[in-house]
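Scroll down for the structure; my scribbles are underneath it.
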Amino acid sequence: MQRTYKFRLYPTKEEQGYIHFALERCRLLYNRLLAERIAAYEQTGQSLTYYEQKATLPERKRYIPELKNVHSQVLQNVVERLDKAYQAFFRRVKNGEKAGFPRFKPESQYNSFTYPQSGFSIEGKQLVLSKIGDVRIRLHRQPQGTIKTCTIMVKNGKYYACFSCEVESKHLPASEKQIGIDLGVSQLAVTSDGERIESPKFLRKSEEKLKRKQRAVSKKKRGSNRRRKAVRNLARLHEKVANQRKDYAHKESRKLINKYGLIAFEDLNIQGMVKNHHLAKSIADSGWNQLIQFVTYKAESAGRQVVQVNPSGTSQRCSNCGEIVKKSLAVRVHQCPCGYVADRDENAAINILKLALQNVS
Ligand SMILES: [Zn+2]
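Position in the sequence shown (first residue = 1) + 23 = this note's numbering.
Printed below as a string of structure tokens:
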């Protein structure tokens, strides 16, 4: 199963220079190869093949030394791109579809180059690219499976790396179902299907008990035997509650993984939520991080996809029309002038799913 991941890159000025240099070299090569194919066809009635063109690369490097500053496989991929454009053209012709002949690319239309096998590696927070440098990358999720190719893209002045991965799917049949999940305060989560994942009763009970015991400890005299005993009790209860939470997160994450092919969460590490101290405590208490963590690692072995998105605006935006509908935390219903009415958290969950799907494509 093939899966693509897209990550933002933050190259330095110098690295940007190398990226644009590679782009331009690839573009010129592409146009040159296309011209040669056309000329060959005009002269002999036969175009050049992928292998014939690939074989010319070493000689080109001799005449154009600048080509040596671009990774050799990146250049080979240019030959492959042109070949694919030809194949697609002939396929469309054969199927009687409208087919445009492969075109020369102006600068504005050549915005990526690909490392098809090697020349790149992820090392910590950096993507090490041959002939470019150690480029800072924001890995908002871990690519799963084996990374096959790495494509560097420039779009609207921003830089991206797209990894195409081969994922081995185990046990679970593929699922086309997708779900967005809004993590809540009053309940653990609400899904884009309107389903609620509640904090279970036994857990709430244990948590109440935990609070009582905490108070009990603070009332006992320091250094007393009673206090020591109460502290021990409290520690035991803490452990019990932690285990209950863990079991529960395991169960809920398993349910999600069994059902959905793509699961979208808000990224809890992003701004807003964590800045607010009250909410930050809720995050720590409610087991959200644990739920996301369990879903993420189960997804890996099951061939499912987990995406975390920037939650900013997800509760205010209308999931139906995109309009911003301002509301305080106390307002639990999203009511839009477009006529769409939904539970506040459900609306947010739908927005989270939408954002995730934008990220994946
Ligand atoms: Zn609306």
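Note that CB positions come from ideal geometry on N, CA and C, so glycine has one too. All values reported here derive from a predicted model rather than from experimental measurement.
Query raised in the report: What's the C-alpha gap between Arg31 and Ala371?
Result: 24 Å
Query raised in the report: Do Val93 and Ala58 come within 8 Å of each other at the CB atom, strictly closer than that value?
Result: no
Query raised in the report: Of all the options Phe127, Met176, Phe113, which has the alpha carbon lying nearest to the alpha carbon of Gln39?
Result: Met176
**Report entry** Contained beta strand (DSSP E) runs [length at least 3] in the segment 311–362, N- to C-terminal order
**Finding:** 328–332, 356–358
Query raised in the report: CB Val190 to CB Pro34, shorter than 8 Å?
Result: no
Report task. Just confirm the distance between the C-beta atoms of Gln140 and Gln96, as a whole number of angstroms; I'd bet it's less than 8 Å. Result -> 6 Å
Report task. Identify which residue in Gly119, Gln25, Tyr53 has its Cα closest to the Cα of Pro129. Result -> Tyr53
Query - Given 8 Å, three or more beta-carbon pairs between the segment 315–324 and the segment 277–289 - result: yes
Query raised in the report: Grouping DSSP H, G and I as helix and E and B as strand, with all else coil, what is Gly156?
Result: strand
Report task. Kindly provide the ranges of any beta strand (DSSP E) runs that are 3 or more residues long and lie completely inside the segment 200–255, ordered along the chain. Result -> 201–206, 212–214
Query raised in the report: If you pair each beta-carbon of the segment 71–89 with each one of the segment 116–134, do three or more pairs fall below 8 Å?
Result: no
Requested in this report: Name all residues in chain order for which at least one heavy atom of ligand 1 lies closer than 5 Å to the residue's CB.
Outcome: Cys341, Asn343, Cys344, Glu346, Cys359, Cys361, Tyr363
Query raised in the report: Excluding the five sequence neighbours on either side, which residues of its own chain have a C-beta within less than 7 Å of the C-beta of Lys232, listed in chain order?
Result: Leu260
Query raised in the report: By DSSP, does Asp270 sit in helix, in strand, or in coil?
Result: helix
Query raised in the report: For Arg355 versus Arg340, is the C-beta distance shorter than 8 Å?
Result: no
Report task. Consult DSSP for Lys377 and reduce its assignment to one of helix, strand or coil. Result -> helix
Requested in this report: Pick helix, strand or coil for Val116, following the three-state DSSP scheme.
Outcome: helix
Query raised in the report: Does the Cβ of Ile155 have 16 or more other Cβ atoms within 10 Å, making it buried, or fewer, making it exposed?
Result: buried
Query raised in the report: Under the rule that 16 or more other beta-carbon atoms within 10 Å means buried, what is His43, buried or exposed?
Result: exposed
Requested in this report: Indicate whether the contact test is met: 3 or more Cβ pairs, each with one atom in the segment 160–172 and one in the segment 326–336, closer than 8 Å.
Outcome: yes
Query raised in the report: In the DSSP assignment, what are the bridge partners of Ala365?
Result: His357
Query - Distance, Ala122 Cα to Phe113 Cα - result: 8 Å
Requested in this report: Measure from the alpha carbon of Glu103 to the alpha carbon of each residue in Glu369, Val116, Thr137, Asn374, then state which is nearest.
Outcome: Thr137
Query raised in the report: Sorted by chain position, which residues of the same chain lie with C-beta nearer than 8 Å to Lys236's C-beta, five sequence neighbours on each side aside?
Result: Ala253, Asn256, Leu257, Leu260
Query - Per-residue DSSP class, three states only, for Lys278 - result: helix
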